[in-house]
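In the numbering used here, the protein residues as written are 1 to 64.
Everything on this sheet refers to the single structure shown next.
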């Protein structure tokens, strides 16, 4: 039985899209909040790039 640890489903098949849906939704919610703030376009792009490059590394570190 899969369980959730630090927001990641442990024991689930990481190859199924269903496993990643909650994580993708969490990222979309964070990005939506940043759109509402008064950040310049360049600042927003830099912020999004840094988050999008760090999130997969964090999540994939659990599936060694």
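Just so it is clear, CB atoms sit at the ideal spot from N, CA and C, and this is done for glycine as well.
Between which two residues does the alpha helix (DSSP H) carrying residue 56 extend? Residue 56 -> alpha helix (DSSP H) spans 41-60.
Hey, could you find the ends of the beta strand (DSSP E) residue 72 is sitting in? Because residue 72 is not part of the residues shown, which for the chain are 1 to 64, the question remains open.
Just to confirm my understanding: we take residue 52, look at its own chain, exclude 5 residues before and 5 after, and list those with CB closer than 7 Å. What are they? none
Where the beta strand (DSSP E) through residue 9 begins and ends: 8-10
Can you grab the Cα-Cα spacing for the pair residue 24 / residue 45, in whole Å? Each residue's Cα considered, the two are about 18 Å apart.
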